[in-house]
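Accompanying notes for the structure given below.
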Amino acid sequence: MKENKIFTRRQAIATGLTAIGGLLLPGCSKPLPPTYGKILRMADLLTYTSQRALLPDQSLVKEYHYGDITSFPATGTTNPADNKLRSNSSEEYGRLQKDAFAKWHLSIEGQVARPGKYSIADIQKFPSRTQITRHTCEEGWTAIAQWTGLPLGHLLESVGILPSARFVNFYAYDGWKDSIDLFDAFHPQTILAYGMNGRSLAIPHGAPVRLRVETQVGYKSMKYLKRIVVTDEFSEMLTPGFSWYAGI
Ligand SMILES: Nc1nc2c(c(=O)[nH]1)N[C@H]1C(S)=C(S)[C@@H](COP(=O)(O)O)O[C@H]1N2
Ligand SMILES: [Mo]
Numbered sequence: 001m002k003e004n005k006i007f008t009r010r011q012a013i014a015t016g017l018t019a020i021g022g023l024l025l026p027g028c029s030k031p032l033p034p035t036y037g038k039i040l041r042m043a044d045l046l047t048y049t050s051q052r053a054l055l056p057d058q059s060l061v062k063e064y065h066y067g068d069i070t071s072f073p074a075t076g077t078t079n080p081a082d083n084k085l086r087s088n089s090s091e092e093y094g095r096l097q098k099d100a101f102a103k104w105h106l107s108i109e110g111q112v113a114r115p116g117k118y119s120i121a122d123i124q125k126f127p128s129r130t131q132i133t134r135h136t137c138e139e140g141w142t143a144i145a146q147w148t149g150l151p152l153g154h155l156l157e158s159v160g161i162l163p164s165a166r167f168v169n170f171y172a173y174d175g176w177k178d179s180i181d182l183f184d185a186f187h188p189q190t191i192l193a194y195g196m197n198g199r200s201l202a203i204p205h206g207a208p209v210r211l212r213v214e215t216q217v218g219y220k221s222m223k224y225l226k227r228i229v230v231t232d233e234f235s236e237m238l239t240p241g242f243s244w245y246a247g248i
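Just so we're aligned: 38 in full-length UniProt numbering is position 38 of the sequence shown, and the numbers increase by one with no gaps anywhere.
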């Protein structure tokens, strides 16, 4: 679907992973992401403890001021209910949107001590984070918006991810699926966003809750979240046409 990526895989490794690899793979001059040939499973070399120990070093992406906010196109799926060909969740999404997502739940399962389902109200009970950031789409446009949501790390802490946890997989109502590793999952600016520019997240932008992964390009910020599954293994599952690691 999208062939022209901003970064080749090698460039992404060079720019995005050098620092991490340099710390965790001493003596290995070319750190490789888990997608790379499956020869060296970088994630397998990371222990939960070493990942968490590195987190304070994660730098924040630039945040902007209110006056920097731009218009923001909606791209890709703009309403999963219109998307009957690609996903059988679309009818369910159509029903959920009728009562403003009052019956929507985000399920979180997998390598967690306390799997569960969270309504919007449940998600809004957690401390929130608001950030004004630049979204960079691999198709070549950028836009700035303010996002409000629950830091994903808070939710993961609350459900108690197991020491074996390595990846966080996301499933959307339009059939999109993707994953991030725990570095990005616990990044302070990685949030489950329910607000955009001070209002509830609108349907074209991923209502009721979307992911914001500010450290990577736009397609990693999955809209229309349905299910989160924490796994110990990297699964190659990915929306076709996109590379797994797409750091900015
Ligand atoms: N579920 C889902 N998430 C998605 C997409 C999509 O089509 N479906 N498109 C991605 C792409 S390529 C971009 S650039 C952004 C677009 O977000 P926006 O529609 O709010 O601009 O969402 C990303 N997340
Ligand atoms: Mo995009």
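For glycine and all other residues, C-beta sits at the position ideal for the given N, C-alpha and C.
The structure displayed is predicted, hence computed values, not measured ones.
Q | Residue from Tyr64, Ile132 and Arg212 whose Cα sits closest to the Cα of aspartate 184 | A | Position 184 of the sequence shown, counted from the start, is the residue given in the question as residue 184. When each option's Cα is compared against that of aspartate 184, the closest is Arg212.
Q | Continuous beta strand (DSSP E) stretch holding glutamine 223: start and end | A | Taking the sequence shown and counting its residues from 1, one reaches residue 223 at position 223. Sequence check: residue 223 is lysine here, not glutamine. Counted as a single uninterrupted DSSP element, the stretch harbouring lysine 223 is not any beta strand (DSSP E), since DSSP gives it neither H nor E.
Q | CA-to-CA distance, aspartate 99 to lysine 38, given in whole angstroms | A | Counting from one through the sequence shown, the residue named residue 38 turns up at place 38. Counting from one through the sequence shown, the residue named residue 99 turns up at place 99. Residue placement at lysine 38 is flagged as unreliable, the pLDDT there being 48, under the threshold of 50; the coordinate-derived value follows with that caveat. A direct Cα-Cα distance of roughly 45 Å separates lysine 38 from aspartate 99.
Q: Measure from the alpha carbon of tyrosine 173 to the alpha carbon of each residue in Gly67, Thr70 and Arg95, then state which is nearest.
A: Locating residue 173 in the sequence shown gives position 173, where the first residue counts as 1. Tyrosine 173 has its Cα closest to that of Arg95, out of Gly67, Thr70 and Arg95.
Q | Span separating the alpha-carbon of tyrosine 245 from that of aspartate 122 | A | As a working mapping, residue 245 is identified with position 245 in the sequence shown. As a working mapping, residue 122 is identified with position 122 in the sequence shown. CA-to-CA, the gap between tyrosine 245 and aspartate 122 works out to about 30 Å.
Q. Should leucine 23 go down as buried or exposed, given a rule of 16 or more other Cβ atoms within 10 Å for buried?
A. Translated into positions along the sequence shown, residue 23 becomes position 23. Unreliable placement is indicated for leucine 23, whose pLDDT of 38 sits below 50; the coordinate value is still reported in the next sentence. That one is exposed.
Q) Which value, in whole angstroms, describes the spacing of the CA atoms of glycine 247 and glutamine 189? A) Residue numbering aside, residue 247 sits at position 247 when the sequence shown is read from its first letter. Residue numbering aside, residue 189 sits at position 189 when the sequence shown is read from its first letter. Distance between the alpha carbons of glycine 247 and glutamine 189 is about 14 Å.
Q) Cβ of alanine 74 within 6 Å of any heavy atom in ligand 1? A) Counting from one through the sequence shown, the residue named residue 74 turns up at place 74. Yes, the beta carbon of alanine 74 sits closer than 6 Å to at least one heavy atom of ligand 1.
Q: Report whether the distance from the Cβ of aspartate 178 to the nearest heavy atom of ligand 1 is below 6 Å.
A: On the sequence shown, position 178 is the one that residue 178 refers to. Answer for aspartate 178: no, Cβ out of range of ligand 1.
Q) CB-CB under 6 Å to glutamine 58, same chain, minus the five flanking residues each way: which ones, in chain order? A) Taking the sequence shown and counting its residues from 1, the one referred to as residue 58 is at position 58. Cβ within range, chain order: His187.
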